[in-house]
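Enquirer:
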Amino acid sequence: ALLGPDGDALSVIYGGVPIYPTYSMSEQMPISQPPAGKTDTLSDRPGSVGVPVAASTAIVSRSNLFPQPYGTEGEIAISGPTVLKSYLANPDADRKNFFYLALAGNKGAVHSTDPKAQMEKERFFLTGDVGVIDKDGFLSLKGRAKELIKKGGEQVSPYEVEEKLIDHPLIEVAVCFSVPSVLYGEEVGCALVLSSSVAKTAETKEVLNEMRIWMKRKKFAPAKWPTKWIICEDSQLLKTKTKKYIRVGLSTHLGLDPKQEGAKEDKVLKSKIDYGTLSGLRFLLACYVMFMHLGSNESWGAFSNLRSWPWHVHCFFTLGGYSMASPMNPIIRKKFSYFLARI
């Protein structure tokens, strides 16, 4: 999505003409644009690409493809006579990107990939983009589904983080991406291209500390803050033929993958938190919490009197025990087979 500062810059370059954000793709053009007469979409609704114009638009869950309520993020799906009917000689792509959404009596939405299903149905196309529709019907883009950073249970849109960072006068370009993490599964990484006025004099540590101060000032959720940073040249970033930044695989390209031999450390500001120790504490607490809640007093025999002590609950919350950004450590998952547990 066109960011506010970019829109302002384009307007100046082209003599003050208004810039309107729109959303389209080869399979459907356009999908959305601002309503007629609304010229302040970029400032009034940052990140919005207007309202659907030619096709029905739905936000669906990526896990079951059911429609989501207003204000809930999900994958954007479109339907209508102007949407692509099928891919040329590519039935696999059709099966992957098209689905049927139907209403069956009072049972609500029913998903079916079978076009012969005996129910009233509408065929939708999955765009691969993640977005949200507000109560007024305005669509906002949050990123590509495959580019979302899954930090534990937190879904972080790279575009959302980048939009905060490029408002800072020191930053020319900010590109966020996924970095593998033992504790969280993935963490937020960010490549910064500094503005030409400070590129030669700025110290890496000073810049990155300033970014953290900036995000705090912007009241940006700490769970979405980048934890791996690198300052680089624009030419070092991966791009498509149309000059769009490629986020998938960027951590490996820039040498930030911790599993990668010779991963860069000199340009990365390390966290002051000892996540190894924190993970160990969570492991102990997880064991104790399971001891407190699994089984009966009879099953624990002589240890049953220990289950009356409530201190573990306070410690559990203190260490972020129920934080969706704190998944169960892989070692704990293996030993206790709690695939989706959170500690």
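The sequence shown: position 78 = 78 (the UniProt record's numbering), numbered continuously. Just so it is clear, CB atoms sit at the ideal spot from N, CA and C, and this is done for glycine as well.
Keeping to the same chain, check which residues put their C-beta closer than 7 Å to that of ASP167; ignore five residues upstream and five downstream.
Expert: Residue mapping note: residue 167 aligns to position 167 of the sequence shown, counting from 1. Excluding sequence neighbours, ASP167 sits near PRO5.
Enquirer: Within 10 angstroms of the Cβ of residue 358, are there 16 or more other Cβ atoms? Answer buried if so, exposed if not.
Expert: Because the chain spans 1 through 343 in this model, residue 358 falls outside it and cannot be assessed.
Enquirer: Taking only beta-carbon positions, decide if ASP8 is within less than 7 Å of chain C.
Expert: Of the protein chains in this structure there is only one, and it is not chain C.
Enquirer: Looking at TYR184: is its Cβ nearer than 7 Å to the Cβ of GLY152?
Expert: By 1-based counting over the sequence shown, the position of residue 184 is 184. By 1-based counting over the sequence shown, the position of residue 152 is 152. Yes, the pair counts as a contact, with Cβ atoms nearer than the cut-off.
Enquirer: Fully enclosed by the stretch 168-229, which beta strand (DSSP E) runs are 3 residues long or longer?
Expert: 171-181, 185-194
Enquirer: Sort out for me which residues DSSP pairs PRO52 with in a bridge.
Expert: For the purposes of this step, residue 52 is identified with residue 52 of the sequence shown, where counting begins at 1. According to DSSP, PRO52 bridges with SER32.
Enquirer: Between the alpha carbons of LYS228 and GLU154, how many angstroms are there, rounded?
Expert: What you label residue 228 is simply residue 228 of the sequence shown in a count that begins at 1. What you label residue 154 is simply residue 154 of the sequence shown in a count that begins at 1. When rounded, the distance between both Cα atoms is 17 Å.
Enquirer: For ALA77, which three-state DSSP category applies?
Expert: As a first step, residue 77 must be located in the sequence shown, where it is residue number 77. In this structure, ALA77 counts as strand in the three-state DSSP scheme.
Enquirer: With GLY63 as the anchor, note down where its alpha helix (DSSP H) starts and where it stops.
Expert: As a position in the sequence shown, residue 63 is number 63, starting the count at 1. Per the sequence presented here, residue 63 reads as Ser, with Gly not at that position. Per DSSP, SER63 belongs to no alpha helix (DSSP H) and is neither H nor E.
Enquirer: Taking the continuous beta strand (DSSP E) assigned at ARG247, which residues delimit it?
Expert: One-based indexing of the sequence shown puts residue 247 at position 247. Run containing ARG247: none; DSSP gives neither H nor E here.
Enquirer: Considering only residues of the same chain and omitting the five flanking positions on each side of ASP94, which have a CB-CB separation below 8 Å?
Expert: To locate residue 94, count along the sequence shown from 1; it is residue 94. Excluding residues within five positions, the ones whose Cβ falls inside 8 Å are SER86, TYR87.
Enquirer: Which one of LEU165, ASP136, ILE171, LYS224 has the shortest CA to CA distance from THR41?
Expert: By one-based count along the sequence shown, residue 41 stands at place 41. With distances taken between Cα atoms, THR41 lies closest to ASP136.
Enquirer: Strictly by DSSP, which residues pair up with VAL132?
Expert: Your numbering for residue 132 matches position 132 in the sequence shown. For VAL132, which the question treats as bridged, DSSP gives the partners SER140.
Enquirer: Given 8 Å as the limit, is there contact between the stretch 212-229 and the stretch 185-197, that is, 3 or more CB pairs closer than that?
Expert: yes
Enquirer: Give me whichever residues DSSP pairs with TYR23 in a beta bridge.
Expert: As a working note, residue 23 is residue 23 in the sequence shown. SER32, per the DSSP bridge assignment.
Enquirer: Are residue 371 and VAL173 close, meaning C-beta to C-beta below 7 Å?
Expert: Here the chain has residues from 1 to 343 only, and residue 371 is not among them.
Enquirer: Excluding the five sequence neighbours on either side, which residues of its own chain have a C-beta within less than 6 Å of the C-beta of HIS253, listed in chain order?
Expert: Start at 1 with the first residue of the sequence shown, and residue 253 comes out as number 253. Excluding sequence neighbours, HIS253 sits near LEU238.
Enquirer: Is THR252 helix, strand or coil when you go by DSSP?
Expert: Along the sequence shown, one-based indexing puts residue 252 at 252. Helix at THR252.
Enquirer: So PHE125 and GLU27 are in contact, right, with Cβ under 8 Å, and what is the actual spacing, rounded?
Expert: Residue mapping note: residue 125 aligns to position 125 of the sequence shown, counting from 1. Residue mapping note: residue 27 aligns to position 27 of the sequence shown, counting from 1. Their Cβ separation, rounded to whole angstroms, is 6 Å, which keeps PHE125 and GLU27 in contact under 8 Å.
Enquirer: Since LEU139 contacts GLY71 with CB under 8 Å, what's their CB separation in whole angstroms?
Expert: Along the sequence shown, one-based indexing puts residue 139 at 139. Along the sequence shown, one-based indexing puts residue 71 at 71. Wrong, their Cβ atoms sit about 12 Å apart, outside the cutoff.
Enquirer: Consult DSSP for ALA325 and reduce its assignment to one of helix, strand or coil.
Expert: Here residue 325 refers to the residue found at position 325 of the sequence shown. Confidence is the limiting factor: at ALA325 the pLDDT is only 43, short of 50, which leaves the residue's position unreliable and the question unanswerable from this model.
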